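1 is the number of the first residue of the sequence shown in the UniProt record's numbering; add one for each residue after it. Heads up: the structure comes next, in structure tokens.
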Amino acid sequence: MNDAMAEQNPEKSSIAEFVELLRIEELDENLFRGTCHAGAPMRAFGGQVAAQALTAAGRTIPRERLVHSLHGYFLRPGDPTRPIVYQVDRVRDGSSYATRRVTALQRGEAIFTLSASFKKPEAATERQRTMPPVPGPEDLADPFVAWERSAPEDYARATIFRSMEMRFIPADAPGMPRELPGVPQQFVWLRTGTPLPDDPLLQVCALTYLSDLTLASTTALHLQPHMVQRTEPNRALLASLDHAMWFHRPFRADEWLLFAQRSPSASDGRGLAMGEFYDRDGHLVASAVQETLVRERPRA
1 MNDAMAEQNP
11 EKSSIAEFVE
21 LLRIEELDEN
31 LFRGTCHAGA
41 PMRAFGGQVA
51 AQALTAAGRT
61 IPRERLVHSL
71 HGYFLRPGDP
81 TRPIVYQVDR
91 VRDGSSYATR
101 RVTALQRGEA
111 IFTLSASFKK
121 PEAATERQRT
131 MPPVPGPEDL
141 ADPFVAWERS
151 APEDYARATI
161 FRSMEMRFIP
171 ADAPGMPREL
181 PGVPQQFVWL
191 RTGTPLPDDP
201 LLQVCALTYL
211 SDLTLASTTA
221 LHLQPHMVQR
231 TEPNRALLAS
241 LDHAMWFHRP
251 FRADEWLLFA
261 QRSPSASDGR
271 GLAMGEFYDR
281 DGHLVASAVQ
291 ETLVRERPRA
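Rendered as structure tokens:
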């Protein structure tokens, strides 16, 4: 996500229900259309583009097959004032796995491509990394309250945040893992601001959207904190280059999920961020990786 989501049209970004962010229209077989709000001035928010592309792919798959991974590339900035057409290619339908490729188009040009894989659930022996014993969301302050107080004009413009909830865990909070040298980290509780239907596809698509809210800012933590915590002028130009996710276990995106994020590298104008999602019971439900364009703005 570009770290300037406050720069959007408030009349077009006020969302009463989070599910509206995922809504697409079926135009024809394998062809869908949606609209996306801005993530930066005149740039469609990449997390929403990816989530709608995954929604389009899932609409061509039998309900008993669940998405287990996605890989996407952001090719051009999307225009939030124009609709986006999603063209689905039914690459493969095997006995256990199925693959879909989606191309998001504006003005006849590809702005985003997505490959997604779906499979039938099966029983297997399980293991996972243990969730760190960090404070729960009920013990943390709502960052939007402080943001509204410190930057009321930016907060007023960023009406899209009314459709979600976030809680940042302080670096010195009990249970926080030790930060390794050269590997900045941030831990955030996330959930949609309104309930979602009991539809596994919509839950996964909602998490795809949420996953793009803070990963890019993780790659720039050596320069500045996330925008809702920042009190100084923006020092970094950020844009998502690619995005990958793996979905390990069932979850609900309208219930609190811990997003544990780290950035092991920043160089050549690019930063890499990795994150893991845990539910309140400590189950590792999903993983995400993103490479981001990171350029430091010249100081005034």
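Backbone N, C-alpha and C define an ideal beta-carbon position, used for all residues, glycine too. Owing to the predicted nature of the structure, the values given are computational and were not obtained by experimental measurement.
* Asked: Do three or more CB pairs link the segment 28 to 45 to the segment 64 to 79 at distances below 8 Å?
  -> Put simply, the segment 28 to 45 touches the segment 64 to 79. At least three CB pairs are less than 8 Å apart.
* To do: Determine the closest residue to Ala50 out of Met42, Thr103, Leu66, with distance taken between C-alpha atoms.
  => Nearest to Ala50 by C-alpha distance, out of Met42, Thr103, Leu66, is Thr103.
* So what's Trp147 in DSSP terms, helix, strand or just coil? -> Trp147 sits in a helix when the DSSP states are folded into three classes.
* Below 6 Å CB to CB, which residues in the same chain sit around Thr194 once its five sequence neighbours on both sides are set aside? => Cβ within range, chain order: Glu17, Phe18.
* Reducing DSSP to helix, strand and coil, say where Thr99 ends up. => Strand at Thr99.
* Looking only at C-alpha atoms, which of Gly282, Leu293, Arg235 sits nearest to Ser267? -> Per the Cα distances, Leu293.
* Smallest Cα separation from Ile24: which of Ala216, Pro83, Pro170, Phe251? -> The candidate whose alpha carbon is nearest that of Ile24 is Pro83.
* According to DSSP, which residues form a beta bridge with Leu258? -> In the DSSP output, where bridge partners are listed per residue, Leu258 has Trp189, Tyr278.
* Could you tell me which residues DSSP puts in a beta bridge with Gln106? => Paired residue(s): Glu109.
* Alpha carbon of Ser163 to alpha carbon of Pro121, nearest angstrom -> Answer to the nearest angstrom: the Cα atoms are 31 Å apart.
* Would you check if the distance between the CB atom of Thr192 and the CB atom of Ala273 is smaller than 9 Å? => No, these two residues do not count as a Cβ contact at 9 Å.
* Asked: When the distance is taken between beta carbons, is Asp254 closer than 9 Å to Gln203?
  -> In contact: Gln203 and Asp254 (Cβ atoms closer than 9 Å).
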